[in-house]
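Peer 1: Please read through the structure below; I'll follow up with questions.
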Amino acid sequence: MNFLKTIVAAGLVAATTTTTAFAADITGAGSTFIFPVLSKWADAYKKESGNGVNYQSIGSGAGIKQIQAKTVTFGATDAPLKADQLLKDGFAQWPMVMGGIVPVVNVEGVKAGELVLDGATLADIFIGKITKWDDAAIKKLNPNAKLPSDAISVVHRADGSGTTFNFTNYLSKTSADWKSKVGEGTAVEWPVGVGAKGNEGVAGNIAQTKNSIGYVEYAYAKQNKLTYTKMVNKAGKTVDATNEAFQAAASNADWTSAPGYYLILTDQPGDKSWPIVATTFVLMHKDATDKAASQEALKFFKFAFEKGAKSAEELDYIPMPDNVVKLIEKTWSADIKS
Amino acid sequence: MAVESDVIDAAGPYDRAKALSAFKLGDVTFYWITRLSAISVLLILGGIIVSLIIGAVPAMKEYGFAFLWTQRWAPSADPPVLGALGPMYGTLVTSFIAMLIAIPVGLGIAIFLTELCPQWLRRPIGMAIELLAGIPSIIYGMWGFFVLGPFLANTFQPFMIKIFEGIPVLGAIFAGPPSYLSLFNAALILAIMVLPFITSISVDVFKTVPPVLKEAAYGVGCTTWEVVRSVVIPYTRVGIIGGVMLALGRALGETMAVTFIIGNSFRISSSIFAPGTTISAAIASEFAESDGLHQSGLILLGLLLFVLTFFVLAGARLMLLRLEKKAGK
């Protein structure tokens, strides 16, 4: 009997604590890209404030739908909404965290950071115009590299993704041919190549297939020890894929004159800027029905900006630069009603 | 004893009527419970069809019947250009190749197990088949991606391409370059996945053949092959086809394993070593990040798969009917 009583008591305690925890929980949904760092922040926030963050990484498109339907407190998307769309839905939007996107290759004898590519060449490879590794355009960028005369196998994402959105956005900015034939989007009509599921699918494919090229988030390339390339940026400088280069793209971008922070960090100016940087944006209702939840979410994001930079870097994310964070905090007090 | 029967006799007429009506009530209740269960299947199926149609209406209005023969799939174009030809082709081709491999192998295993196999080997083989059916599809996908794909691309495909090089039609079907991810690789994985369906159902129906029939055939001097061909298979034809249909249904709709190794490309190529996609793989990949017309197009693809499966199964039923007529039943 005693044993039974303990069980019942324990059950009751568990039930009451979970209900109180639910009451103060913040709910969010969307981008899969932000999920690893968001859960790390949520963990730290729970320890500090006792409030949990319940985030479902169901994809940016689905996240936008959930916040539109008001089933969550915040949404997260890799492709920002345009200012008129934000106005229509009554959303506030700001960038939360960034990550670099790098081309990865598997070519015999080529080590990480050795090969140099630029936007136009990359676009020609992904459109099927450049088919061999020893093509004149690639040779011109890499006069000293020994490149095989083998066919290039192109690997792209099969699932709709923010990574694809930013990558195709970059190709559209650097190649008129790509812009008119393929365009940008979370899923596009790929002229050549095979599709793999997720960053891990592309990484796995590149690792297995000789003479292949693909694109992944920097964290995947680094963790899987893939051979990533250097890039020629908008200023014409050759840059290496480093955190400084990713952050330079964000610092040099002109956030103040972008309404609703609608800014895609590809092909940004600056000598040190890496040309393909992905940003995840948070969406919230300006005039939410549940104001308490809304305020709690803002507290969480403030905490993430102030104390989460280190944990973001540990996971190979790039925190927003200080000048941008200041701007965002101003937006909160001006836009979101409490 | 006598006393008891007296009691029963005395209470007879009254109890009998009551008991009968109780039975009747039980019968009616039972009848309605089973009937409602049966009807619920129709309701669920109808509900699925209706919601698919509602979701697909915008895409149907936009593309009409051209959806069926448009090969382009460009969701990011403005407005999106969507066509189902690529995924439909991939679905049919992979299922066809899978059945081409799985039916003879599956029947072969079943015949060996029931007619030829020594007693001590039966259990291990039977268990192996059940285990094959129990492996989750994601495991098949990963195995196909890491093990089968590289093997096929490095060994099997170059060999086939070399053999058929220069032969008119076959040369185009088995054309290079070899690829880790291709229609053929997906079809081979599908064949392995549907094998247990065909085998275990065939084994079960083969066991229903009355021993006296087989013994009589052996008695007049038939060989094992003749007994299987002329007694076992004709006797169990309906059951075998049922198993094949279940397998085909799975092959048409399998998603996870296929997405891993088919290459997810909407282009149609004459070569089975080229990447392709299937309807279910396309939906699974793109649905989460889709909206508007793109999403509606994916739902229309789903509806199409539904219709396609229906026609394939109906066609098989028709074939079965004709076979039975031919057999004079």
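Protein sequence lines, in the order shown, are assigned to chains A and B.
Heads up: the first sequence begins at -3 in the numbering used here, then just goes up one per residue.
Heads up: the second sequence begins at 639 in the numbering used here, then just goes up one per residue.
The beta carbon of each residue, even a glycine, is placed where N, CA and C say it ideally should be.
All of these numbers come straight from a predicted model, not from anything done at the bench.
1) Tell me which same chain residues have a C-beta within less than 7 Å of the C-beta of residue 18(A), skipping the five on either side of it?
2) So residue 223(A) packs on residue 100(A), CB below 8 Å; how close in whole Å?
3) Among 131(A), 286(A), 62(A), 273(A), whose alpha-carbon lies nearest the alpha-carbon of residue 74(A)?
4) What does DSSP give as the partner residues of residue 275(A) in its beta bridges?
5) Assign residue 905(B) to buried or exposed, taking buried as 16 or more other Cβ atoms, counted over all protein chains shown, within 10 Å of its Cβ.
6) Looking at residue 86(A) and the ligand MG, is the gap between the Cβ and the nearest heavy atom below 8 Å?
7) How is the beta strand (DSSP E) around residue 337(A) delimited, first residue to last?
8) Which term fits residue 165(A), buried or exposed, when burial requires 16 or more other beta carbons within 10 angstroms of its beta carbon?
9) In chain B, what lies closer than 7 Å to residue 182(A) by C-beta?
10) Would the stretch 776 to 793 of chain B count as touching the stretch 858 to 869 of chain B if we require 3 or more Cβ pairs under 8 Å?
11) Kindly indicate which residue of 889(B), 960(B), 937(B), 839(B) has the alpha-carbon position closest to the one of residue 775(B).
12) Which residues mark the beginning and the end of the beta strand (DSSP E) in which residue 42(A) is found?
13) Residue 897(B): buried (16+ other C-beta within 10 angstroms of its C-beta) or exposed?
14) Tell me whether residue 758(B) is buried or exposed, calling it buried when 16 or more other Cβ atoms sit within 10 Å of its Cβ.
15) Identify the residues that DSSP records as bridge partners of residue 666(B): which are they?
16) Can you name the start and end residues of the alpha helix (DSSP H) that residue 778(B) belongs to?
17) With a threshold of 8 Å, are at least 3 pairs of Cβ atoms found where one atom belongs to the stretch 214 to 233 of chain A and the other to the stretch 112 to 130 of chain A?
18) What residues in its chain sit with their C-beta under 8 Å from that of residue 119(A), if we drop five residues either side in the sequence?
19) In three-state terms, what does DSSP make of residue 607(B)?
20) Beta strand (DSSP E) containing residue 190(A): first to last residue?
21) Check this for me: beta carbons of residue 122(A) and residue 98(A), under 9 Å apart or not?
22) Work out the CA separation of residue 310(A) and residue 65(A) for me, nearest whole Å.
23) Return the residue from the list 162(A), 217(A), 41(A) that minimises the CA-CA distance to residue 263(A).
24) Measure from the C-beta of residue 819(B) to each C-beta in chain A and report whether the shortest distance is under 9 Å.
25) Any Cβ of chain B within less than 9 Å of the Cβ of residue 129(A)?
26) Chain A partners of residue 897(B), CB-CB under 8 Å?
27) What does residue 70(A) pair with, by DSSP beta-bridge criteria?
28) Just curious, the beta strand (DSSP E) that residue 587(B) is in, first and last residue?
29) Just the Cα atoms here: how many angstroms apart are residue 822(B) and residue 37(A)?
30) Runs of 4 residues minimum, wholly inside the stretch 700 to 753 of chain B: which ones carry the alpha helix (DSSP H) assignment?
31) Taking all protein chains shown into account, do 16 or more other C-beta atoms lie within 10 angstroms of the C-beta of residue 807(B), making it buried, or fewer, making it exposed?
32) Can at least three beta-carbon pairs, one atom from the stretch 849 to 860 of chain B and one from the stretch 938 to 953 of chain B, be found at a separation below 8 Å?
Peer 2: So, to answer that:
1) Locating residue 18(A) in the first sequence gives position 22, counting from the first residue. Low confidence applies to residue 18(A): its pLDDT is 45, below 50, so where it sits in the model is not reliable enough to give any reading.
2) Within the first sequence, residue 223(A) is the residue found at index 227, counting from 1. Within the first sequence, residue 100(A) is the residue found at index 104, counting from 1. About 6 Å separates the two Cβ atoms, so the contact holds.
3) By one-based count along the first sequence, residue 74(A) stands at place 78. Answer by Cα proximity: 273(A).
4) For the purposes of this step, residue 275(A) is taken as residue 279 along the first sequence, with counting starting at 1. Under DSSP, residue 275(A) takes part in a beta bridge, and its partners are 94(A).
5) Mapped onto the second sequence, residue 905(B) falls at position 267. Buried: at least 16 other Cβ atoms inside 10 Å.
6) This structure lacks the ligand MG; in fact it carries no ligand of any kind.
7) This structure gives no information on residue 337(A), because the portion of chain A shown stretches from -3 to 334.
8) As a working mapping, residue 165(A) is identified with position 169 in the first sequence. It counts as buried.
9) For the purposes of this step, residue 182(A) is taken as the residue at position 186 of the first sequence. What residue 182(A) touches in chain B: 927.
10) no
11) By one-based count along the second sequence, residue 775(B) stands at place 137. When only C-alpha atoms are compared, the closest one is 889(B).
12) Position 46 of the first sequence holds residue 42(A). First-last for residue 42(A): 31 to 45, but that is the alpha helix (DSSP H), not the beta strand (DSSP E).
13) In the second sequence, the residue the question calls residue 897(B) occupies position 259. Residue 897(B) should be labelled buried.
14) Your numbering for residue 758(B) matches position 120 in the second sequence. Its Cβ having fewer than 16 others within 10 Å, residue 758(B) is exposed.
15) Counting from one through the second sequence, the residue named residue 666(B) turns up at place 28. Partner(s): none; residue 666(B) has no beta bridge.
16) Translated into positions along the second sequence, residue 778(B) becomes position 140. Element bounds for residue 778(B): 775 to 781.
17) Output reads yes: the stretch 112 to 130 of chain A touches the stretch 214 to 233 of chain A.
18) Translated into positions along the first sequence, residue 119(A) becomes position 123. Cβ neighbours of residue 119(A) beyond the five flanking positions: 167, 170, 171, 173, 174.
19) Because chain B in this structure spans residues 639 to 967, residue 607(B) falls outside the shown range and cannot be described.
20) Stepping through the first sequence from its first residue, residue 190(A) is reached at position 194. Element bounds for residue 190(A): 190 to 192.
21) As a working note, residue 122(A) is residue 126 in the first sequence. As a working note, residue 98(A) is residue 102 in the first sequence. One thing to note: residue 122(A) has its Cβ no nearer than 9 Å to the Cβ of residue 98(A).
22) Locating residue 65(A) in the first sequence gives position 69, where the first residue counts as 1. Locating residue 310(A) in the first sequence gives position 314, where the first residue counts as 1. Each residue's Cα considered, the two are about 34 Å apart.
23) Start at 1 with the first residue of the first sequence, and residue 263(A) comes out as number 267. Answer by Cα proximity: 162(A).
24) As a working mapping, residue 819(B) is identified with position 181 in the second sequence. Closer than 9 Å: yes.
25) Start at 1 with the first residue of the first sequence, and residue 129(A) comes out as number 133. No, residue 129(A) lies away from the interface with chain B (no Cβ there is under 9 Å from its Cβ).
26) Locating residue 897(B) in the second sequence gives position 259, counting from the first residue. Result: 154, 193.
27) If you number the first sequence from 1, residue 70(A) lands on position 74. Bridge partners of residue 70(A): 24(A).
28) Here chain B has residues from 639 to 967 only, and residue 587(B) is not among them.
29) On the second sequence, residue 822(B) is found 184 positions in, with the first residue counted as 1. On the first sequence, residue 37(A) is found 41 positions in, with the first residue counted as 1. Rounded to the nearest angstrom, the two C-alpha atoms are 45 Å apart.
30) 704 to 707, 723 to 749
31) In the second sequence, the residue the question calls residue 807(B) occupies position 169. Within 10 angstroms of the beta-carbon of residue 807(B) lie fewer than 16 other beta-carbons, which makes it exposed.
32) no
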